[in-house]
Amino acid sequence: MSYALNEVEATAKRAARGAGYDWGLSEEAAKATRWLCAQGLDGAAVLAGLLEAGYAAELSAHVPQSLDGSWSAQAPLCPLATGAAISDCAAGLQDAPLSLGQVSQPAMILPFAAMAARQLDACVTVECEGFQAVTDGAALHCVGDLPDAAARLTIRAAGSLSNPYPTHTRAEPEEAAWAVLNRFAHKTYAPATEESRLLGAGAGLSDND
Amino acid sequence: METTAQTTISRRDPAQVMRLSRLGSLHQCRLSFMRVLTRRMARENWSFARPKFDIDGNGVGVAVYTAAGPARTYSLIAFAHDLPPEMRSDRVIATAWDATFTLFDGVPTDADIERLSKNVPYQEAGRVNEKSLSVSRANRSVRLWAHFADALSQGQQPDPAQVDAVGYLMRTTAVYGSGKLGAADREAIADRPELNAPFQAEMLSVYLTRAFVRDLVEHMARAKGGENAVPLAPETARRLGIGNSTGLGMAPYIVNHPVLFNNWIAAREEAIARVRSVETASAEEAACFRRMLRRSELSAARWHSEHPAQIEKLASLHKDLEALAAWAAADDLLNDHPWDRLIRWSETALGLEGQELAASLILEPYADLVDGLSDCMADANKDAFIIDGAMPVSQVRQLIEASFAWALDLDWAARENCARAWYVSEEKLEPRMGERFDEPIAAYEQPLAPARDAAAAHAALADWDGDEPVAAFLLRHPEHRHTVRRAQMSQVAPYGEIRSNTISDRVLPVDMLRAKLSFFGATHFDPRSDRWVRICMYAGAPYPEDLTAANADLWVYPEADQ
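Chains L and G supply the protein sequences, listed in that same order.
Residue numbers for the first sequence follow my numbering, so the first one is 11 and each next one is one higher.
Residue numbers for the second sequence follow my numbering, so the first one is -12 and each next one is one higher.
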């Protein structure tokens, strides 16, 4: 089924929150998933894969232990928290490339590389073995296939974008991934009670007059 | 924001403007989205047609209304239903309605109508595609509809007193846009000049809906009365608006879109500052103000509410209108910054309803200073979302203090300060507000208490070296990421934060609803509880076939002979 990108964004935000991420990172997840879909990639599948890994329960184990030098942790890096940090530290990419240790769902790094590119007003290149992506912030071009996990990832303020993917205004996520997002999103909904039915939306007076 | 106009008087302080009690007293103005739309359609000489009206004697069928501008045509597809009374509910959780609508991008084919007829009548249970720009539904006002259909069918015109008491034949209970239910995203249409200002597709949908409702009641009267039936007198039709019943679902919008909401408020504040900076007014400008003040009195006289809080506010407004009239009669309104003097006087002499009415009214004589600001009300600043991680911790602290100094010392653990929690219900996926200490909802809380969250982030930031980049703080404290983002947004959106506690035991969500609806151009706010409000849209507006540059703008103010 075809979905509006706003539907993707809203569902992704609720899903990330339902999986246990804080609101700020859930907002990042939503924008990132939307951005991937706008490039014609299945952002919903990428996010679903990440949420099923369950990193949010112990996020501090999956974020870079230091922002100096190479970024790594004992466990695989969460691409949402790490991606947000890449965007936060975009200025540093002008001085030196950034190298990451093991990253789960590295496709989720790409939207954050794009945010860095927009801040730097320059192309950013993301590379791992057998894969290279270049983004100018708005558009993307990839060579090779992204694995579900990358042993190392390099991010540089470099590259040029001569042949970007056409951008998409609708998303057609794989149904199974979409169902996973909705399953996580459902965890953010409070079970209805009689009291909430009556009071929560503020009705009570007749609305048939 | 345009910077061509010279202002010697600065915009009002966000600390004054953004209190919820004041936001809950806002009135429509020249920048309201309905007026922006009708001005444009008249200026560009849009043409309107009704290529289809295929509705039977029971009021069941489909109609199409088209609005053609210089570059594109839009069509309202209206599905009319025969709804049993027991199924009629204005609650967003309803499952059937008297009429359902979609605003179609272009002119629909029969196949489009066939596809939409299997989806639009089911609203949330259906799907549309990017050819739909909005999806909405409406219910009849039972009292007024029956009276109109009966009277017209018998060759009589409806009783004006009943028209005044209700104001509309149908009220919409939701108008969904921007990607909802599969419709086109706002981003897909935002670069069209006619849809660039906020909510123009939704406002066009409601404008055409009003014409459909008038046609439908006349059709039903003819079906019932045959040759005895008469059409609705144009002056009565003109007084009818479209009602709208809005619940809590809309309240989070102004919190969730701080840059957009800022742009609305900032545009109006800039307009107010420009007019206050006018040194001398012409006789015609002063006369225009006095005419609109007089017509506002008529509008206020037709504004009814049974809600105790609104009854009190209306009493205050009536008193303020008398004081305003007396002030305007005693002053020539010509010299020595007349509008600034009026505003400064209003702040000492009037309640919030009167102050904000005065602020809206002084804009009326100054189309040239004000109307262009409607181009600044959309949110095109997508990068405001991106956090500047290099910003030092000390600067983030300062930004939080600028918006939330009033909240930092509040005891956020005290029950009265966090009595409420916003959540989304499993049942209908709609935002609701509940009692944190009485209901099991805290675990599901939505981030709609920016002041509380700002206080928490500010406390956490206090432990950090002020020179550290905030990126390092956020790596360790992802729970404050949304607050740091909002704090940085406040640099481009000084009017983006509500300066009141949105989870206190005294919060009135209807204030949030009114703030938003006033920018639509709504009038006659009628709260039905502290979290549900009815309004009227387009009352007094010319119908599509009568729209001209002469009547496209000031219709919101009733005329004495109407």
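For glycine and all other residues, C-beta sits at the position ideal for the given N, C-alpha and C.
Remember, it's a predicted structure, so these values are computed and weren't measured experimentally.
query	result
Listed by chain order, chain G residues near L69 (chain L) by CB distance under 7 angstroms	P465
Integer Cβ distance of T196 (chain G) from F88 (chain G), believed to fall under 8 angstroms	6 angstroms
Buried versus exposed call for R493 (chain G) [16 or more other C-beta atoms within 10 Å across all chains shown]	exposed
Of the listed residues G:L356, G:K211, G:D375 and G:R225, nearest to A538 (chain G) (C-alpha basis)	The question names Ala, yet the displayed sequence has Asn at residue 538 (chain G). For the residues G:L356, G:K211, G:D375 and G:R225, the minimum Cα distance to N538 (chain G) belongs to G:R225.
Within 9 angstroms, strictly: CB atoms of P147 (chain G) and D533 (chain G)	no
First and last residue of the uninterrupted alpha helix (DSSP H) at L35 (chain L)	W33 to A48
Chain L contact for R402 (chain G) (CB, 9 angstroms cutoff)	no
Nearest candidate by alpha-carbon position, reference D151 (chain G), set G:G228, G:G93 and G:S140	G:G228
Delimiting residues of the alpha helix (DSSP H) encompassing Q142 (chain L)	Not the alpha helix (DSSP H): Q142 (chain L) falls in the beta strand (DSSP E), residues F141 to T145.
Assigned secondary structure, P418 (chain G) (DSSP; H/G/I helix, E/B strand, else coil)	strand
Contact list for E199 (chain L) against chain G, beta-carbon separation under 9 angstroms	The question names Glu, but residue 199 (chain L) is Tyr in the sequence shown. The contacting residues are Y410, V411, S412, E413, E414, L416 and Y431.
Three-state class that DSSP yields for P545 (chain G) in the structure shown	coil
Run of the beta strand (DSSP E) containing T87 (chain G), from where it starts to where it stops	A86 to D92
As assigned by DSSP and simplified to three states, the class of Y525 (chain G)	coil
Identified DSSP bridge partners for A408 (chain G)	G:G421
Same chain only: Cβ atoms within 6 angstroms of V242 (chain G), ignoring 5 sequence neighbours per side	L435
Proximal residues of chain G, C-beta to C-beta of W33 (chain L) below 7 angstroms	P434 and H469
Straight-line Cα distance separating A124 (chain L) from A42 (chain L)	9 angstroms
Anticipated Cβ contact below 8 angstroms, A50 (chain G) with L70 (chain G), distance rounded	Their Cβ separation, rounded to whole angstroms, is 17 angstroms, which puts A50 (chain G) and L70 (chain G) out of contact at 8 angstroms.
Residues bridged to C133 (chain L) (per DSSP)	Bridge partners of C133 (chain L): none, in fact.
Where S80 (chain L) meets chain G, residues with beta-carbon distance less than 9 angstroms	Under the 9 angstroms cutoff, chain G gives no residues; its nearest Cβ is about 15 angstroms from S80 (chain L).
CB of L504 (chain G) within 9 angstroms of CB of A365 (chain G), strictly	no
Residue environment, M(-12) (chain G), which counts as buried when at least 16 other CB atoms sit within 10 Å	Summary for M(-12) (chain G): the model assigns pLDDT 47, below 50, so the residue's position carries little reliability; its value from the coordinates is reported in the next sentence. Looking at its Cβ environment, which holds fewer than 16 other Cβ atoms inside 10 Å, M(-12) (chain G) is exposed.
is_contact[G214 (chain L), chain G] using C-beta, thresh 9 angstroms	For G214 (chain L), the pLDDT reaches just 48, beneath the cut-off of 50, and the residue's location in the model is therefore unreliable, leaving the point undetermined.
Proximity of S76 (chain L) and L163 (chain L) at Cβ, strictly below 9 angstroms	no
Three-state secondary structure assigned by DSSP to Y65 (chain L)	helix
Same chain, Cβ closer than 7 angstroms to A351 (chain G), five either side skipped, listed in chain order	A quick correction: the sequence has Glu, not Ala, at residue 351 (chain G). R17, C275, F276 and M279.
Cβ of E185 (chain L) within 9 angstroms of any chain G Cβ	no
Given 8 angstroms, three or more beta-carbon pairs between the stretch 362 to 377 of chain G and the stretch 458 to 473 of chain G	yes
Alpha-carbon spacing of H467 (chain G) relative to G164 (chain G), whole angstroms	31 angstroms
Cross-strand partners of C152 (chain L) (DSSP beta bridge)	L:A143
D99 (chain G) at chain L interface by Cβ criterion, 9 angstroms	no
Beta-bridge partners of N126 (chain G), as assigned by DSSP	G:R158
The stretch 350 to 381 of chain G: positions lying closer than 7 angstroms to chain L by Cβ	D370, F372, I373, I374, G376 and A377
Interface flag, A20 (chain L) vs chain G, CB-CB below 9 angstroms	yes
Per DSSP, cross-strand counterpart(s) of D165 (chain L)	With the sequence shown as reference, residue 165 (chain L) is identified as Ile, and Asp is not the correct amino acid for it. Answer is L:L108 and L:V136, bridged to I165 (chain L).
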